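This note's numbering numbers the first residue of the sequence shown as 177 and each following residue consecutively. Okay, structure first, notes after.
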Amino acid sequence: MKHWLALAPSNWFARPGRTLVSLLAIALGVAMVVWITSAYESVRRTVTAWVWDWVGRSHLTIESPLGKWGNFPHKLAEQVRARPDIREVTARLWWAVYASPVPVGEAEPDRGGDLAAPFVPVEVEVNGIQPETEYHFREAAAKVLPGGRALTPADRGKVVLERSLARELGVAVGDGISLGKDPETDAGMVVEVIGFVERRRISRYQPPAVWLPLADCQTLVGRPGYVTTVDIVLEDGSVENLAAQRDKLLELVRKEDPSLKVSTAEAKLRQLDSAMGHLELILALISCVAFTTSFFIIISTLSMGMIERLRQLGLLRCLGLTRGQLAVLVPAEVLPLGVVGVALGVPLGFALMWLTVQIVPEYLGRWTVSRFGLLLACGGGLATAMLGALLPSLNMLRVSPLAACKPELHRHGWWVEALAAVAGLAIILGHLLLMRRLSVTATYFLQVVAGGELLLYLGYALVIPGLILFTGPVWVRLVARLLRV
């Protein structure tokens with residue numbers, strides 16, 4: 177039979193609603209993956225930048241086991257600086273305080289009466305730094321926006337703010353803010369704003385940051401002579417020397433405080449990689465759910481169309497169309513839909529990403545496209561479409577010329593739905609047993625949980641057809657009686 181492939185596009189217009197559903201399923205699945213992977217890539221870059229801002233360029237870091245919530249004597253930094261093989265040393269003090277605006281000078285700038293109403297102090301992270309050495313390790317406080325300046329070693333009573341905090345406080349360069357540990361009982365320290373920096377946050381609940389000279393910060397929080405971390409850059413940054421110097425520094429600091437620890441930047445970056453690996457796992461799970469949903473929508477719409485066209489397919493067999501040609505009809509019908517769905521889904525995903533950046537720019541920062549996510553979306557969208565066409569194609573191999581006269585004779589029995597329901601129930605039961613016995617301390621806990629969620633989704637998808645077949649008539653009769661139809 178000639179020109180038999182022309183039947184594939186004609187089926188698009190026979191049921192335009194069904195064609196549109198398949199197209200939307202593919203497009204939405206692709207858009208979700210593009211959106212999620214791009215958002216993840218932007219968040220990953222934000223988290224990485226934040227970690228580098230905290231770790232800096234240090235080879236070694238002395239800190240309390242309580243992390244930034246602990247502190248120890250500043251004199252340790254001087255003892256470390258006096259040792260050989262040490263290039264740079266800087267100390268920092270971190271504390272959580274409250275900030276509120278105050279006028280500085282003779283007149284306060286007019287901001288439309290914002291300060292006339294009672295102002296609720298804002299919780300901030302204050303970083304006491306040594307400007308003469310801090311900028312060798314981190315550039316966050318040095319990248320001051322035009323119109324301001326960075327802290328210098330001679331500064332006292334000066335502060336650099338995040339620009340978002342400056343907007344919230346309603347202050348400009350030259351204005352003053354009050355910093356205090358307790359806004360109700362602490363009179364606080366008034367400091368002058370000399371500059372603003374851009375800083376992206378990694379959480380809605382992460383407080384904004386301010387930078388003070390170390391001596392001012394120690395006075396502010398009542399911890400003179402104490403710091404939170406001491407960062408060190410070695411002359412020789414080789415792995416072997418890092419390990420040797422770490423052991424030597426550990427002996428030195430434990431003479432002062434046995435609880436102190438010396439960590440390497442490499443160890444902190446390994447923790448970051450581990451955390452990002454968990455995020456990637458969640459990302460893969462969401463992508464699988466999106467494509468699995470598209471798969472079931474496509475397979476259901478195509479199977480429905482094949483059943484409705486069973487008489488037509490039987491007539492085509494009578495006219496000389498082979499089983500193989502029939503089996504190719506469905507992929508020929510679906511492949512263009514997959515291509516168009518991907519073409520629509522990619523810009524839709526970009527639009528969702530752009531909208532997300534507009535809504536929460538403080539977390540995503542800028543529009544970032546994940547190349548891996550783009551390839552995954554395009555490849556996954558086409559693969560989902562073709563896999564969705566596989567089962568209807570196999571069913572078409574069973575179509576015989578007899579179907580032209582008696583299509584009702586070729587209905588399969590209830591055993592297919594029954595077997596699928598049994599398999600689905602087994603998967604759901606296995607998931608429940610696994611979750612009860614799985615320990616949160618297991619090595620692959622998150623991987624098992626993520627994979628289990630995907631299997632649970634598949635189990636419910638297998639159960640639903642049988643549930644509809646066996647319980648559907650009961651519910652139909654019940655609703656009919658309630659509606660009296």
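All C-beta atoms, glycine included, are put in the ideal place defined by N, C-alpha and C. Note that the coordinates shown come from a computational prediction; the quantities given were computed from them, not determined experimentally.
- Residue environment analysis places leucine 337 among the buried positions, since at least 16 neighbouring C-beta atoms fall within 10 angstroms of its C-beta.
- Membership of glutamate 299 in the beta strand (DSSP E) is indicated by the continuous run 298–305.
- When the beta-carbon positions are compared, glycine 549 and valine 206 stay at least 8 Å from each other.
- Closest in alpha carbon position to leucine 638, among Ala201, Pro649, Lys431, Ala594, is Ala594.
- Sixteen is the threshold: when 16 or more other Cβ atoms of the shown chains lie within 10 Å of the Cβ of cysteine 554, as they do, the residue is buried.
- Leucine 428 and proline 383 have their C-alpha atoms some 34 Å from each other.
- Across the structure, isoleucine 603 and alanine 272 are spaced so that their CA atoms are roughly 49 Å apart.
- Annotated as distal: valine 624 and leucine 609, with beta-carbon spacing of 8 Å or more.
- Proline 359 carries a coil assignment under DSSP once its states are collapsed to helix, strand and coil.
- Segment contact: the stretch 237–246 against the stretch 322–334, fewer than three CB-CB distances shorter than 8 Å; contact not assigned.
- In the displayed model, leucine 566 falls within a helix according to three-state DSSP.
- When secondary structure is reduced to three states using DSSP, threonine 224 falls in the helix class.
- For leucine 388, the uninterrupted beta strand (DSSP E) run begins and ends at 385–389, by DSSP.
- Within the model, the alpha-carbon separation for leucine 552 versus phenylalanine 189 is close to 30 Å.
- Under the three-state reduction of DSSP, phenylalanine 295 is assigned to coil, being neither helix nor strand.
- Boundaries of the alpha helix (DSSP H) around lysine 424: 415–432.
- Note that the C-beta distance between proline 277 and valine 347 is below 8 Å.
- Residue pairing by DSSP puts proline 277 in a beta bridge opposite Ile353.
- A contact between stretches requires three or more CB pairs, one per stretch, nearer than 8 Å, and the stretch 511–527 meets this requirement with the stretch 195–213.
- Out of Phe313, Pro185, Gln501, Val545, the CA that lies nearest to the CA of serine 569 is found in Gln501.
- The C-alpha of leucine 418 lies about 43 Å from the C-alpha of arginine 343.
- When the beta-carbon positions are compared, histidine 235 and isoleucine 408 come within less than 8 Å of each other.
- An exposed status is given to alanine 656, since fewer than 16 other beta-carbon atoms sit within 10 Å of its beta-carbon.
- Secondary structure of tryptophan 590 (DSSP, three-state): coil.
- For threonine 532, the uninterrupted alpha helix (DSSP H) segment begins and ends at 499–535.
- Here serine 198 is near leucine 513, since their CB atoms are less than 8 Å apart.
- Counted as a single uninterrupted DSSP element, the alpha helix (DSSP H) harbouring serine 340 occupies residues 339–345.
- Between leucine 632 and the set Leu601, Leu645, Pro641, the nearest pair of CA atoms involves Leu601.
- Nearest in C-alpha terms to valine 210, of all of Leu658, Leu630, Trp530, Gly642, is Trp530.
- The residues Met529, Trp530, Val533, in chain order, have a CB closer than 7 Å to that of tryptophan 543 in the same chain once the five nearest residues on each side in sequence are set aside.
- Glycine 304 and proline 389 have their C-alpha atoms spaced approximately 5 Å apart.
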